[in-house]
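Numbers given in my numbering equal positions in the sequence shown, counted from 1, plus 24.
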Amino acid sequence: MSAAASMDPCKAPEWQVAEGLTPYPVALERMRERVAAIRAGTAGELVWLVEHPPLYTAGTSAARDDLQDPTRFPIFDAGRGGQWTYHGPGQRTGYVMLDLAQPHGAVKPRDVRAYVHALEEWMIRALDRFNIRGERRQGRVGIWVADRLAGTEAKIGAIGVRVTRWVSWHGIALNVDPDLAHFSGIVPCGVREHGVTSLHALGIPATMAEADSALMAAWAEVFG
Numbered sequence: 025m026s027a028a029a030s031m032d033p034c035k036a037p038e039w040q041v042a043e044g045l046t047p048y049p050v051a052l053e054r055m056r057e058r059v060a061a062i063r064a065g066t067a068g069e070l071v072w073l074v075e076h077p078p079l080y081t082a083g084t085s086a087a088r089d090d091l092q093d094p095t096r097f098p099i100f101d102a103g104r105g106g107q108w109t110y111h112g113p114g115q116r117t118g119y120v121m122l123d124l125a126q127p128h129g130a131v132k133p134r135d136v137r138a139y140v141h142a143l144e145e146w147m148i149r150a151l152d153r154f155n156i157r158g159e160r161r162q163g164r165v166g167i168w169v170a171d172r173l174a175g176t177e178a179k180i181g182a183i184g185v186r187v188t189r190w191v192s193w194h195g196i197a198l199n200v201d202p203d204l205a206h207f208s209g210i211v212p213c214g215v216r217e218h219g220v221t222s223l224h225a226l227g228i229p230a231t232m233a234e235a236d237s238a239l240m241a242a243w244a245e246v247f248g
């Protein structure tokens with residue numbers, strides 16, 4: 025494939041859904057290889073949907089004090105932005121590898137802030153398909169669900185990105201039906217005062233395939 029073809033801004037990215045549980049080192053290596061290929065013009069953009077075995081990842085801003093149970097699950101330095109994140113079965117992780125030197129919908133070229141905003145909007149629109157109102161919070165990356173009657177809120181979607189020579193990798197994590205107790209070994213994303221939730225915890229018994237369908241349907245509304 026030529027560089028011009030692989031970087032065509034009008035061409036939608038390839039979508040892949042991994043079967044089973046993908047080891048985290050395998051995911052990192054696969055992303056590195058794809059990012060290099062996108063830069064070289066030998067592969068197109070990719071949205072890769074995976075589940076991982078239970079593990080904790082540290083972003084570049086992760087505070088060691090926020091790792092509260094270092095022996096519970098394997099720990100990996102992710103190399104992405106952000107703080108501590110849990111990945112595990114029942115959570116859909118979406119690795120998004122795009123050439124950000126090109127426009128994508130409302131995301132202008134080389135605008136990382138707009139790209140992160142678009143990832144948030146992507147999850148918000150996917151959640152809307154389950155009649156869940158996902159919300160942003162000032163100063164906190166990710167998507168939140170508010171219980172206004174109780175005066176509480178919880179995080180349902182996390183975002184952590186890395187950009188290498190204007191190609192993005194890493195991406196989002198949407199809680200479909202993970203074991204929420206597994207988050208207790210860390211302070212997720214450095215936020216102590218709020219918890220985490222999932223579609224199932226909110227009374228939405230969505231399957232992973234249904235979550236994938238919602239993400240795929242919402243993609244074009246945001247990224248064009």
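Ideal Cβ positions, reconstructed from N, Cα and C, are used throughout, including at glycine.
Around the beta carbon of V50, fewer than 16 other beta carbons lie within 10 angstroms, which makes this residue exposed. Nearest C-alpha to G158 among E57, G118, A82, T221: T221. G219 is positioned such that its CB atom lies no closer than 7 Å to that of R96.
The three-state reading of DSSP puts I62 in helix, counting H, G and I together. Under the three-state reduction of DSSP, D201 is assigned to coil, being neither helix nor strand. When the Cα atoms are used, L52 and V41 turn out to be separated by approximately 16 Å. W168: member of the beta strand (DSSP E) spanning 164–171, first to last residue.
Contact annotation, P78 with G44: C-beta distance approximately 14 Å; criterion of less than 8 Å not satisfied.
DSSP, reduced to helix, strand and coil, places V140 within a helical segment of the structure shown.
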